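These notes are about the structure you will find just below.
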Amino acid sequence: MPTIKRTKFKLTSEQLLEMYYWLKLVRAFDERLSVLVRQGRVRSGVYTGIGQEAIIVGTCYGLRREDYICPLHRDLGSFLMKGVDPGVMMAQMFAKDTGLSRGRDSALHSGVPELGIFGNTSMLGANLPVAAGLALTFKMERTDNVVIAYFGEGASNVGDFHEALNFAGVQHLPIIFICENNQYAYSVPVEKSMAIDDVADRAAGYGFDGVAINGNDVLAVYQSTQGALARARSGGGPTLIECKTYRWHGHSEHDKAFYRTAEELAMWKSRDPIPTFTTYLKGMSVLNAETERDIETRVARTIDEAVEFAVSSPDPKPVEAVTDLYI
Ligand SMILES: Cc1ncc(C[n+]2csc(CCOP(=O)(O)OP(=O)(O)O)c2C)c(N)n1
Numbered sequence: 126m127p128t129i130k131r132t133k134f135k136l137t138s139e140q141l142l143e144m145y146y147w148l149k150l151v152r153a154f155d156e157r158l159s160v161l162v163r164q165g166r167v168r169s170g171v172y173t174g175i176g177q178e179a180i181i182v183g184t185c186y187g188l189r190r191e192d193y194i195c196p197l198h199r200d201l202g203s204f205l206m207k208g209v210d211p212g213v214m215m216a217q218m219f220a221k222d223t224g225l226s227r228g229r230d231s232a233l234h235s236g237v238p239e240l241g242i243f244g245n246t247s248m249l250g251a252n253l254p255v256a257a258g259l260a261l262t263f264k265m266e267r268t269d270n271v272v273i274a275y276f277g278e279g280a281s282n283v284g285d286f287h288e289a290l291n292f293a294g295v296q297h298l299p300i301i302f303i304c305e306n307n308q309y310a311y312s313v314p315v316e317k318s319m320a321i322d323d324v325a326d327r328a329a330g331y332g333f334d335g336v337a338i339n340g341n342d343v344l345a346v347y348q349s350t351q352g353a354l355a356r357a358r359s360g361g362g363p364t365l366i367e368c369k370t371y372r373w374h375g376h377s378e379h380d381k382a383f384y385r386t387a388e389e390l391a392m393w394k395s396r397d398p399i400p401t402f403t404t405y406l407k408g409m410s411v412l413n414a415e416t417e418r419d420i421e422t423r424v425a426r427t428i429d430e431a432v433e434f435a436v437s438s439p440d441p442k443p444v445e446a447v448t449d450l451y452i
């Protein structure tokens, strides 16, 4: 059984501040979307990942354009980090003509091949064998690009998950499986769907390493991802990283999440990934009050401009509804 190699990483102050900006932007994007849903202005189901941002930032930070991500319904921030303009992303949620799919899907299935983003389908777990296939292509083409495939702990109980891990293990594919274990699959708590504590343990059955880490610690996620990337790029095969986290909102914005307690939510909010990182950056003298204010202003402006762009964008023309549609 291979063992995880801990990589030492060194991030400059600029890089740490960039990560901080991304954490704030990904949070702000989802928070604004949540408000817009309540105002009845979004034409898509919205599944926010508020509370889970450290996973997106820690896994996407520093990826190459050619590396592929296979995001899920809760991972809109990964689109931004891979290079999708926030205005285009917002227009996508408004089903406008300027969005990624120009109003042709329910907003959560778009891919952007030129940025290395694979479009997800709705069937839980079904993106994983496809992600493994993508990794097989990289291997066959002898590139050292890597695939990052996201899934929830709920999806890890589906057959597709096991087939994908088995295939990736047998073929030593350059893929990193990122489990966003946010403790619930819709209303089902993890202890009612799994007989083990850690999804990470499942990797052993397929011949590669799995680690369970604090998914609210952006640097822990970054460090584990960097180790797995180095392994995958050098032909060492897959890794499963289980990021323990919590989603603050319901499964989607229409779910009031009555199945969990206020105490549980409060406990996880006390582990908010953003203040934790803020404290670290201030302790390291990387961040001061002025820089913090500047970053917050930049984030607010970016989100305002994104909403303005989406609102003022045209609707798709009905006559074009079947353009680019293949059956
Ligand atoms: C095969 C399948 N079963 C059920 C659903 C309905 N469904 C959509 S999301 C979801 C919960 C997913 O939980 P998890 O995989 O833990 O991801 P999370 O939403 O918590 O991020 C369910 C049951 C589905 N889309 N596909």
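For the sequence shown, the tail end lands on 452 under the numbering used here, and the numbers increase by one without skipping.
By construction, the Cβ of each residue, glycine as well, lies at the ideal position given by its N, Cα and C atoms.
None of these values were measured; they are calculated from a predicted model.
Problem - Cβ shell of Asp-192 (< 6 Å), same chain only, five flanking positions each side left out - result: Gly-241, Asn-270 and Val-271
Practice task
Spatial neighbours of Thr-370 within its chain, please: CB distance less than 7 Å, with the 5 preceding and 5 following residues excluded, ordered by chain position.
Solution key: Gly-176, Gln-177, Ile-180, Glu-305, Asn-306, Asn-307, Gly-340 and Asn-341
Exercise for the section: Please confirm whether Ile-338 and Ile-301 have their CB atoms less than 8 Å apart. Expected result: no
Practice task
Could you check what DSSP says for Ile-129 in three-state terms: helix, strand or coil?
Solution key: Only weak support is given to the placement of Ile-129: the predicted model assigns it a pLDDT of 48, under 50, and the value that follows is read from those uncertain coordinates. Ile-129 falls in the coil class under three-state DSSP.
Exercise for the section: Indicate whether Gly-335 and Ala-328 have their beta-carbon atoms separated by less than 8 Å. Expected result: yes
Problem - Nonlocal neighbours in the same chain, by C-beta distance under 7 Å from Tyr-384, ignoring five residues either side - result: Ser-312
Exercise for the section: Determine the extent of the beta strand (DSSP E) in which Val-302 is found, giving its start and end residues. Expected result: Correcting the residue type first, residue 302 is Phe in the shown sequence and not Val. Element bounds for Phe-302: 300-306.
Practice task
Find out if the Cβ-Cβ distance for the pair Val-182, Leu-141 is shorter than 8 Å.
Solution key: no
Practice task
To the nearest angstrom, report how far apart Thr-268 and Asp-322 are at their CA atoms.
Solution key: 36 Å
Handout entry: Opening and closing residue of the beta strand (DSSP E) in which Ala-337 lies
Key = 335-339
Practice task
Give me the Cα-Cα distance between Met-126 and Phe-333, rounded to the nearest whole angstrom.
Solution key: Confidence is the limiting factor: at Met-126 the pLDDT is only 45, short of 50, which leaves the residue's position unreliable, though a coordinate-based value still follows. Cα-Cα distance, rounded: 7 Å.
Practice task
Hey, could you find the ends of the alpha helix (DSSP H) Gln-399 is sitting in?
Solution key: For the sequence presented, residue 399 should be read as Ile rather than Gln. Here the alpha helix (DSSP H) through Ile-399 covers 398-408.
Practice task
Check whether the Cβ of Glu-278 lies closer than 7 Å to any heavy atom of ligand 1, and answer yes or no.
Solution key: yes
Handout entry: Helix, strand or coil at Tyr-347 according to DSSP, with G and I counted as helix
Key = helix
Practice task
Determine, using beta carbons only, whether Gln-308 comes closer than 8 Å to chain B.
Solution key: Among the chains of the structure shown, chain B does not appear; only one protein chain is present.
Problem - Near ligand 1: Ala-310 beta-carbon under 7 Å from a heavy atom - result: yes
Exercise for the section: Give me the Cα-Cα distance between Pro-299 and Ala-387, rounded to the nearest whole angstrom. Expected result: 41 Å
Problem - Residue closest to Ala-216, alpha-carbon to alpha-carbon, out of Val-432, Val-444 and Ile-428 - result: Val-432
Exercise for the section: Spatial neighbours of Leu-290 within its chain, please: CB distance less than 6 Å, with the 5 preceding and 5 following residues excluded, ordered by chain position. Expected result: Tyr-331
Handout entry: Sequence-distant residues of its chain with Cβ nearer than 7 Å to Lys-381 (five each side left out)
Key = Gly-375
Handout entry: Sequence ranges, alpha helix (DSSP H) only - wholly within the segment 128-216, length at least 4
Key = 138-163, 178-185 and 201-206
Exercise for the section: Could you check if Glu-239 is buried or exposed, using at least 16 other CB atoms within 10 Å of its CB as the buried criterion? Expected result: exposed
Practice task
Please determine if the segment 243-263 and the segment 276-287 are in contact, where contact requires at least 3 C-beta pairs separated by less than 8 Å.
Solution key: yes
Exercise for the section: Spell out the partners DSSP gives Tyr-309 in its beta bridges. Expected result: Pro-314
Exercise for the section: Mind the definition here: the segment 224-234 touches the segment 253-267 only if three or more C-beta pairs lie below 8 Å; say whether that holds. Expected result: no
Exercise for the section: Report yes or no: do three or more beta-carbon pairs, one from the segment 403-421 and one from the segment 351-365, lie closer than 8 Å? Expected result: no
Practice task
Taking 8 Å as the threshold, find out whether the segment 420-439 comes into contact with the segment 201-214 through three or more Cβ pairs.
Solution key: yes
Handout entry: Expected contact under 8 Å - CB spacing of Ile-399 and Arg-199 to nearest Å
Key = That pair is no contact at about 17 Å.
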